[in-house]
Structure formats: structure tokens, C-alpha cells
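Chains as they are written, first to last, in my numbering: chain A, 2 to 406; chain B, 31 to 348. Glycine included, C-beta positions come from ideal geometry on N, C-alpha and C.
Next comes the structure, spelled out in C-alpha cells:
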């Protein structure tokens, strides 16, 4: 049985406007007390960016989260990373467990946690120990996620210097190894290399070479603007991988790149995954990219999961009308259809989601029930679940009888 | 024999960068017939967009000529050129930036009629409204959107407005400069279908620029592959996609991820496109080519017809 790295259970992320506070009085953080069924909080409309996202990720597994823009795929992972967390305008509920540790620390009773601010500070501190070290992330636009005023070398080793304990341990191990092999002379000769900065630098250089940057020694002292788009993305990957993370989240890592560079970047991520057995969450809207190296896929639409399952099952027999539409509207090299079968209509406004299935307005197979009730989860084969009334079987009759009677 | 709408010969565009010359487009020739689509693919920096702008004379060409419907476009007088330009339009990549943000959707679509009021005759308010409404129906923008501003629309709808504006004066030739690359897949398919329908209805000719090879294959009748300002291969779409001759085209095809059930290995090429300021000697692709020989680094290959209708510039096919 493979080790479970990440477990996300019924994750909800909702956004509101700042002028509406969750509590009535200042200082009273009612955010915890709101029941799940009460979607609205005082005076404003809630954007339900993520609604009930659940998945587990084993070591070495690659999961693709696919969806259009606004489907909540990015918010979902930024919540896992702790970049989006409960606050005056945001509400996060659910459970995220990373290697047995609860990341969200959602406290059921506010009194128990003491003051909200203090609680948040503790959480942030704990999170920093994990972020960049055990979980790291590659963003879509490398230029806006690299610091333009810092040389890339410093940026690459930064995660290492943030997590000094781990680095110290590694230096100690190296010292022991040298001592065993060459005695005190060897230790003395490598004294400079064992300094924290130099040690980190050596690691950074090695990694830069691994991700395919020519002459890393000189490139180490360059600024981000001196790199091309593909090279910057390599730097981002090096930065994400330097802490040897257990989980790598790639948020549209190749969307802004040319096909040839895209292939290079994906092959680097793939190689790293094989070598270090890293788990990967790949967020993309390109099904072809997702299918090329992910084992499992989650299709999201308007914040909800539409279909989840193994990649092979999904490509062979997509069950949800949205997944089918997505596959049919993707132009594929070498296919000879004269026309693409486009999904009609526009994605819904996140502030005014239709009741029932969010896809009902664009679905060609929409039934009356779809516009009234959200579809339940139906298991087609083990691990392949779909949220659609069409596949729900006898549950449809039950529900209809329920409504009519 | 179909009528040739655009006949471009040896178009070059050099930019001055300091004391050096940047050859953005270097000796490109092509023909586009009525009702067909020329797809242009290439990496960023290969000169696709510059080529489109030079063909429309949005930036003046350094050398070369474009014959548009039998008239030498660059040699016409300013006024004649302006008149002829109504027949050629462009749809841009970023739909929001190409619309006037301070004007409503209907005003945006009506703008071409107002700009050309001298030639078309001044239209009354009612006539103008009718034409705008017709155009909105044509591209599928609901009429309720006539008085909203571009920022209130989604990307797909904005692009439809951009297309409506381009089609306002019934052009014969439309340049589409990456019209779908900023859109979601489902919307992208809608726009591609729309472009195809319009082509069938109005016998439009397109020059379709994109970096997504699958999209280009879908919409084009002919495809030109560009690399560092030069066309390295040109052929009818099916021929090019089935038998890519130039090593660069082959590499491009291999790099496209494919839908697969069991996962694939990526076989991209190493390296990136060299700086156009300092292109390699000989064949421009020689630095990344796996078939590179000594001759490739010294002598520039000639662009020639290798098979009927299939042109390429590579020493492998001498």
C-alpha cells in the first residue's frame, strides 16, 4: 500500500466582500459558527470558488485538475498551500491532511482557539516549515513570480536557507561522510564548502544543471529579465525542487510557453518525478498535457467536481456531458473532423450559480431535475466517480418521487 | 482556377536595433486564394505577427510587394490604399485591448461605418443600428449586449465583438492574429466554428496565425511554418501534417502533447530559438537540428518545391 501524502476532504473556499464582516460585532469572528447550509452571510453574495473538493494523493502519484478559467482549480490548490485561508473576506472549511498533519487547523469552537489573530499567526508559522520544503509550487507566469530585483541564484537557494534545520542536518551528514572517507584533512580541505551558504549554492548549481540551464555558474548571478520565458520556468522548477518536496503543485506551468519549450519543461518535471518519487498535482486546461503524464484526473466546473477517475478511464469513456464536451471541443493533431463540437453558452457567473447542477444551462442532456437538485456522486467503476443525474440510475426516480410526493 | 486574393512576394521587414539589424521577416512569399485559409505557425519570435502586420501595411515593409486583388498594394497612393484597406481586416489576440474601452459594444462595431462615412455615405441612426444588429446576430452576440461596455463581457464574447467589427465592411481578407489563444477550450471551439461558418457564408480568405498546431490544422487549407523570419516549409494542410519534410516541422509535430490513455514520453528538442539579432549562419535551424551537417552551417538552403505543392528549405532534399 502506497503512502498517502495528501488528503483533501470536502474542501470549501468562499469569498465575500470586505465591507461585510462575518460577525455582527467587531472582534467576534462568527466565521466558524456559520453552518454549511447557510451559504449567504450578511448582506453580500458569496462566491463559492470551491465546493466540496475531495481527493487523496499517494506518494509518486500525479493528479491532474482540469477545468476552464474560473472553475476553482487554482483556488483549490492555493488553499492547500495555505495561500488562501480563512479571514474577514474568506472562509475555508473542510480538512486538508498532509502526511497526517492537519494543514487547515480548522477549529470548531472559536473559544478554543483563543483570538483569531493569534491563531492565524501560529498557523502561519507552522505552515512556513512545510511550504517550500515539503510542498512547493510552480506558477504559471514565471516573470511575475520571480523577484525582479534579486539574482536568480539567491532566489533558488532561498527555500534552503529558510529551512535551516534541514540544511544543518545535511551539512552534518556530509561532514561525517568526509570524516569517514578522508579523515581530518579532507574535512579541512572542504571546510569552505561546508559553510551554509556555499553548501546551498552548490546544491542550487547542481539543480540548475539538472533542469537544463547551460553554464549555471554564470547564470547563477543573472537577474530574471536576462532569461527567456522557458529558462525562467526552469528556474522556477529548480526553486520548487531544491527542498526535495514530497508534493509539487504545478499551476499551469506551460500555458505561456511555446510547444517545443513546453515539451522540454514537461519532460523535466516527468524526470524529476521518476527520480525523486515526488507526488504531483498538475493544474491545466489542456487535456492533452494532463493525459500525457498524470495517473488520475479531476474535472472541475464552477467550483464543483464534475468527474474524477483514472486518466485511462476518463479518456476512454468520459461519463459527464461536460467532460465529453471538453474532449470533443479540443482540437487534436491529426483528426479529420470538419467541425469541432463546441459546448454552447458561457460559463456561469460565480456569484449567480444556477441551482442544481452548475452545468445544466449549457448541457444538451439537461433534465428538469438537473435544474433543481445538485447531482449526487455516482461510482461507475472503482475510483471513477461522476456527479451527474444521467448516471445516477435509480436515485433519479427516488428523487423525483421525493419531490412529487 | 480560383481567384488569388493576396500575392505576397519576397516580403522583408528589418528593424534597427542600435547599430544592428534585426531581420524579423526575411524574404517570405505566399499566395492566398479566395475562400481558403493560410495557417502560419512558429514559435514566438519567428516573425509571424510581423508578417501579418507587414501584409496589411500596418508597418511598412523594408522590401517586397503585396498584390491584393490584382493591385500592387504598397505602390498605391495613400488614398487608394486606404480605400483598398477596407477589404482587409485583422482580428487581434487580446480581444479586450483591441476594443475601445470607453465605447459600448454597439459603438465599437459601428466605428468602421463612421470612419468610412465619406465613401459609404453617411448612415442614419436607424440604418446604423440595423447594420450593427445584423452584425451582432451574425457573430452570435446577444442584442441585450449592445449597450454594455467591453469589460463587462467575457473573453469569448469580446472576441466575437472584435470579429463583428472586422466584418463590418464586408472584407475579402481577414488576418487572424492568434484569435483563440487566450480563450478557454470550449469557447475556443465556438470561435473556430464561427470563423469557419463565416468563411463558408462570405467566401472569406483568412491568414490564420497561431502557435497551436492542432488549431491550425483544423482551420487551414494551407500551412506555412516559420522559423526566425523565414518560411521553412509550405504545403497543403493534410500533406504537411502527414509528411512533414523539414526537421523543424517534424520536431514541432513531435512536441505537441497528444491525448493518450497510458501517458507519453516527451521528445522535444533541446535549446531555444536563437536571437533574431544574431541568427546562425547557413541554415537558421542548424543549431538545434539533429540532421545538421557541415554544409548546413555554411550554406543557406534554397526554398524550393520538393514535391508538387510542397515547398521546403532544407539541404536534406537536394
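Checklist entry - What in chain B is Cβ-close to residue 273 of chain A, meaning under 7 Å? => result Result: empty, since nearest Cβ-Cβ is about 13 Å, beyond 7 Å.
Checklist entry - So, helix, strand or coil for residue 96 of chain A, using DSSP? => result strand
Item to check | Residues bridged to residue 226 of chain B [DSSP beta-bridge criterion] | outcome: DSSP lists no partner for residue 226 of chain B.
Checklist entry - Could you give the uninterrupted runs of the alpha helix (DSSP H) lying entirely in the stretch 214–300 of chain A, keeping only those of 4 residues or more? => result 217–220, 230–242, 260–277, 288–294
Item to check | Closer than 7 Å: residue 350 of chain A CB and nearest the ligand FAD heavy atom | outcome: This structure lacks the ligand FAD, and indeed carries no ligand of any kind.
Checklist entry - Which runs of the beta strand (DSSP E) fall wholly inside the stretch 124–183 of chain A and span at least 3 residues, in chain order? => result 136–139
Item to check | Through-space distance from residue 86 of chain A to residue 150 of chain A, alpha-carbon basis | outcome: 28 Å
Checklist entry - In terms of DSSP beta bridges, what is residue 97 of chain B paired with? => result B:37, B:102
Checklist entry - Does the Cβ of residue 287 of chain A have 16 or more other Cβ atoms within 10 Å, making it buried, or fewer, making it exposed? => result buried
Checklist entry - Quick one, which residues of the stretch 201–224 of chain B are near chain A if we go by CB-CB under 8 Å, in chain order? => result 214, 215, 216, 217, 218, 219, 220, 222, 223
Checklist entry - In the DSSP assignment, what are the bridge partners of residue 48 of chain A? => result A:16
Checklist entry - If you measure from the beta carbon of residue 271 of chain B to each beta carbon in chain A, is any gap under 8 Å? => result yes
Next on the checklist: Please confirm whether residue 243 of chain B has its beta-carbon closer than 8 Å to some beta-carbon of chain A.
Outcome noted: yes
Checklist entry - If we count Cβ pairs, one from each stretch, closer than 8 Å, do we get three or more for the stretch 245–261 of chain B versus the stretch 89–101 of chain B? => result no
Checklist entry - What are the boundary residues of the alpha helix (DSSP H) that includes residue 143 of chain B? => result 135–145
Next on the checklist: Checking the sheet assignment: what are the DSSP bridge partners for residue 89 of chain B?
Outcome noted: Looking at the DSSP assignment, residue 89 of chain B forms no beta bridge with any residue, so it has no partner.
Item to check | Cβ-based burial, residue 33 of chain A [other Cβ within 10 Å; buried from 16] | outcome: Here residue 33 of chain A scores only 36 on pLDDT, less than 50, and its place in the model is too uncertain to base an answer on.
Item to check | Cβ contact check for the stretch 257–270 of chain A and the stretch 160–179 of chain A: 3 or more pairs under 8 Å | outcome: no
Next on the checklist: For residue 173 of chain B and residue 232 of chain B, I'd like the C-alpha separation in whole angstroms.
Outcome noted: 22 Å
Item to check | Residue-level contact to chain B via CB, residue 320 of chain A, 8 Å cutoff | outcome: no
Checklist entry - Does any residue of chain A bring its CB to less than 8 Å from the CB of residue 276 of chain B? => result no
Next on the checklist: Would residue 58 of chain B pass as an interface residue toward chain A - the criterion being a Cβ-Cβ separation below 8 Å?
Outcome noted: no
Next on the checklist: Using DSSP's beta-bridge definition, name the partner residues of residue 308 of chain A.
Outcome noted: A:300, A:387
Next on the checklist: I want to verify the contact list: residues of chain A whose CB lies under 7 Å from the CB of residue 184 of chain B, in sequence order.
Outcome noted: 347
Next on the checklist: Suppose you measure from the CA of residue 53 of chain A to the CA of residue 319 of chain B; what does that come to, to the nearest Å?
Outcome noted: 49 Å
Item to check | Partners in chain A for residue 141 of chain B, counting only beta-carbon separations shorter than 7 Å | outcome: In chain order: nothing, as chain A lies at least about 25 Å away.
Next on the checklist: Relative to the C-alpha of residue 266 of chain A, which candidate in A:238, A:194, A:199, A:7 has its C-alpha closest?
Outcome noted: A:238
Checklist entry - How far does the beta strand (DSSP E) with residue 155 of chain B in it reach, from first residue to last? => result Counting along the chain, residue 155 of chain B falls outside any beta strand (DSSP E), though it belongs to the alpha helix (DSSP H) covering 155–169.
Checklist entry - When the Cα atoms are used, what is the spatial distance from residue 260 of chain A to residue 198 of chain B? => result 34 Å
Next on the checklist: Please list the terminal residues of the continuous beta strand (DSSP E) segment that includes residue 238 of chain B.
Outcome noted: 235–239
Next on the checklist: Given a cut-off of 8 Å on the beta-carbon distance, is the pair residue 205 of chain B and residue 86 of chain B in contact?
Outcome noted: yes
Checklist entry - Name the chain A residues that come within less than 7 Å of residue 74 of chain B, Cβ to Cβ? => result 259
Next on the checklist: For a cutoff of 8 Å on Cβ pairs, would you count residue 226 of chain B as touching chain A?
Outcome noted: yes
Checklist entry - In its own chain, which residues sit with a C-beta less than 8 Å from the C-beta of residue 26 of chain A, not counting the 5 before and 5 after it? => result At residue 26 of chain A the pLDDT is 48, less than 50, meaning the model places this residue with poor confidence and gives no usable figure here.
Next on the checklist: Between residue 216 of chain B and residue 69 of chain A, how many whole angstroms is the CB-CB distance? I'm expecting something under 8 Å.
Outcome noted: 6 Å
Item to check | One or two residues paired with residue 91 of chain A in a DSSP bridge | outcome: A:16
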